[in-house]
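Protein chains in written order, with this note's numbering: chain A, 25 to 140; chain B, 1453 to 1559. Glycine included, every Cβ here is placed at the ideal spot set by N, Cα and C. None of these values were measured; they are calculated from a predicted model. The structure under discussion appears below in the form of C-alpha cells.
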C-alpha cells in the first residue's frame, strides 16, 4: 500500500529555534499534501494544503509566516516552524494523496515537537 | 461549511458485544465519508470509505443521507479493536475530521 514517511518523529529544541519537518511519499506521486496539528486528546486540525509546485493554502488562523510549507516535488513537502515557542509544541501530522480521483489520504507517523 | 460530529469521546464495551460509533455530518453537497483508525502508537490509517461499501475487520458503515449520519458498526467487538476512531468528510481535497471516539473493548 501507499506509504508516507515523516521525519523526524520527535524533536526537542530551545525556544527561538526553527524546526523543519519532512513528509515524503515513498511509492506514489503526491500531488497534494496536507499538514495537520493535533493537540493532546483532540482531533486533527488542518493547517494547510499544498499542491506540488504552487503555494500552500492555509486555514484560517494559521500564520503562513510562522509555518512555512514547501512542496517542491511530487514526493516531498516540508513544514518549517520558524522561531518556535513553547506554544508551538504539538503533534504535527502530514498526509498525502495522489492525482487519481477519489484516492484516499495516506498519513505519516507524525512528529512530536517539544519547545523548551 | 462542512462539519463532522462524533458525539462520544469515549466508548467502552465488552468483548463480543456489538459496537456502534456515531458520526453525523453537515454538508450541503454530496459527501465523501471515511472512517480512520489509530491504534496505540501507530499512524492514522484508513479503515473504510462509504463509496467502497465494504466490510473491513468486521466493521461496516452506511451513509444515511436523510439522517446525515455515517455510523460505524461491528456486531461482535474484539479486544484488538480498541483504538481511536475518526470520522472524516472530504470535499474535493478538503478533509475534515471529527473529534474522535476512543473505543475500549474489555475482556
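Residue span of the beta strand (DSSP E) that contains residue i, given as start and end
| i | result |
| --- | --- |
| residue 119 of chain A | 114-121 |
| residue 106 of chain A | Segment: none, residue 106 of chain A is in no beta strand (DSSP E) and carries neither H nor E. |
| residue 1546 of chain B | 1546-1549 |
| residue 96 of chain A | 91-97 |
| residue 1543 of chain B | 1535-1543 |
| residue 1477 of chain B | 1476-1478 |
| residue 1503 of chain B | Taken as a continuous stretch (DSSP letters only), residue 1503 of chain B belongs to no beta strand (DSSP E), as it is neither H nor E. |
Neighbouring residues, chain B, relative to residue i (Cβ below 7 Å)
| i | result |
| --- | --- |
| residue 128 of chain A | 1486, 1498 and 1501 |
| residue 135 of chain A | Those do not exist, as residue 135 of chain A stays about 12 Å from chain B at its closest Cβ, beyond 7 Å. |
Which residues DSSP lists as bridging residue i, in chain order
| i | result |
| --- | --- |
| residue 60 of chain A | A/70 and A/117 |
| residue 1497 of chain B | B/1489 |
| residue 82 of chain A | A/72 |
| residue 48 of chain A | A/29 and A/100 |
Residue i to residue j span [Cα, whole Å]
| i | j | result |
| --- | --- | --- |
| residue 90 of chain A | residue 1546 of chain B | 22 Å |
| residue 1551 of chain B | residue 60 of chain A | 13 Å |
| residue 1557 of chain B | residue 1463 of chain B | 9 Å |
| residue 92 of chain A | residue 103 of chain A | 6 Å |
| residue 52 of chain A | residue 76 of chain A | 13 Å |
| residue 146 of chain A | residue 43 of chain A | Coverage of chain A is limited to positions 25 through 140, which leaves residue 146 of chain A absent and any answer about it impossible. |
Under 8 Å from the C-beta of residue i: neighbouring residues of chain A
| i | result |
| --- | --- |
| residue 1513 of chain B | In chain order: nothing, as chain A lies at least about 14 Å away. |
| residue 1455 of chain B | Near residue 1455 of chain B there are no residues of chain A at all, since even the closest Cβ is about 12 Å away, more than 8 Å. |
Interface partners of residue i on chain A, CB under 9 Å
| i | result |
| --- | --- |
| residue 1551 of chain B | 66 and 67 |
Under 8 Å from the C-beta of residue i: neighbouring residues of chain B
| i | result |
| --- | --- |
| residue 73 of chain A | 1545 and 1546 |
| residue 122 of chain A | Those do not exist, as residue 122 of chain A stays about 11 Å from chain B at its closest Cβ, beyond 8 Å. |
Residue i Cβ short of 7 Å to the ligand GTP heavy atom set
| i | result |
| --- | --- |
| residue 49 of chain A | Ligands in the displayed structure: none, and consequently the ligand GTP is not present. |
Chain-ordered neighbours of residue i on chain A, where CB pairs are closer than 7 Å
| i | result |
| --- | --- |
| residue 1505 of chain B | Under the 7 Å cutoff, chain A gives no residues; its nearest Cβ is about 13 Å from residue 1505 of chain B. |
Exercise for the section: Kindly confirm or deny that the segment 1454-1473 of chain B and the segment 1527-1536 of chain B touch, where touching means at least three C-beta pairs closer than 8 Å. Expected result: yes
Practice task
Give a yes or no on contact between the segment 27-35 of chain A and the segment 1509-1527 of chain B, applying the rule of three or more CB pairs nearer than 8 Å.
Solution key: no
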